[in-house]
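Peer 1:
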Amino acid sequence: LRPPRLAGKQIVITAGPTFEPIDPVRFLGNHSSGKMGFALAAAAVDAGATVTLISGPVNLSTPKGVTRIDVTTATQMYSQAMQCIEACHIFIGCAAVADYRVAQPASQKHKKNSQPLSLSLIENPDIIAAVASAEHRPAMVIGFAAETENLATYAKTKLKTKKLDMIAANLVAQGKVFGSDQNALQVYWPDGERQLPLAPKTRLAQDLMDLITEHYHAKDTT
Ligand code: C5P
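Counting from 1, position 16 in the sequence shown corresponds to residue 199 in UniProt numbering; the numbering is continuous, with no gaps.
1) To the nearest angstrom, report how far apart residue 350 and residue 207 are at their CA atoms.
2) Give a yes or no on whether the C-beta atoms belonging to residue 198 and residue 239 are separated by under 9 Å.
3) Just to check my reading of the structure: residue 193 and residue 232 have Cβ atoms closer than 8 Å, yes? What is that Cβ distance to the nearest angstrom?
4) Have a look at residue 257 and residue 281 and give me their C-alpha separation to the nearest angstrom.
5) In whole angstroms, what separates the C-alpha of residue 374 from that of residue 343?
6) Does the beta carbon of residue 277 fall short of 8 Å from some heavy atom of the ligand C5P?
7) For residue 372, I'd like the list of residues in its chain whose CB is within less than 7 Å of its CB, leaving aside the five on either flank, ordered along the chain.
8) Taking DSSP's pairing of strands, which residues face residue 200 in a bridge?
9) Using a Cβ distance threshold of 8 Å, determine whether the stretch 383 to 390 contacts the stretch 324 to 343, with at least three qualifying pairs required.
10) When you compare the CB positions of residue 339 and residue 364, do they come within less than 9 Å of one another, or not?
11) Which one of 260, 262, 229 has the shortest CA to CA distance from residue 246?
12) From the DSSP output, which residues share a beta bridge with residue 323?
13) Check the C-beta distance from residue 314 over to residue 252 and give it rounded, since I have them as a contact under 8 Å.
14) Considering only C-alpha positions, which residue in the set 353, 322, 326 is nearest to residue 333?
15) The beta strand (DSSP E) that contains residue 352, what's its start and end?
16) Following a CB-centred definition, is residue 229 positioned closer than 8 Å to any heavy atom of the ligand C5P?
17) Return the CA-CA distance between residue 243 and residue 200, expressed in angstroms with no decimal places.
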């Protein structure tokens, strides 16, 4: 049994995709099962933390002991995240947030008319960057980076530009990660890195939570 090293600590985790409505029956979204975020929430509860899970639309049951807030869009996820951060010690952005939303979703279903359909898109807020730059910033902010190439370069750039304390990166698009029960992660922080080899997401989540806990205790003396 693992000692409750995060007793008394509040952890907020975003998970799953966001869906951005096009009309009442269609949406824009990303591939994401939510499994990694939910596994992290379970691992955080095991470590003794108080856990809030802000989840996009997924087909997963809530891990025991977790407070779950369901959202659909990036805008909703952003506002829930900003409401949670004041009392938060560790924030983990695991959600696959849609980068854009439709400027004016149609109130009725679009009908096909053999013409090209144009959608005007607006960039969504970067939730984790906003959390990491907030006045009451959690002591640790951890992001994810799913990349199809140049994993290290892209991940390290995101670590810096989003002002994160740690980023967990993985290669996607070999048909392996989305919805899969296994994954491998390359974890970067400003002056180090660690490889977490291919393992079930539940195990990987425990290993990542151990790494986060180590860094949290090294950084935070309160
Ligand atoms: O820039 P990119 O989407 O690759 O960054 C991924 C990281 O940023 C993840 O931690 C994801 O949860 C977070 N993110 C976010 N809000 C966005 C886009 C990404 O929190 N609008």
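Glycine included, C-beta positions come from ideal geometry on N, C-alpha and C. In this text, all values refer to a predicted model and were calculated from it rather than measured experimentally.
Peer 2: From the atom records:
1) 35 Å
2) yes
3) 7 Å
4) 7 Å
5) 12 Å
6) yes
7) 348, 349, 398
8) 279
9) no
10) no
11) 229
12) 273
13) 15 Å between Cβ atoms; not a contact.
14) 353
15) 349 to 354
16) no
17) 13 Å
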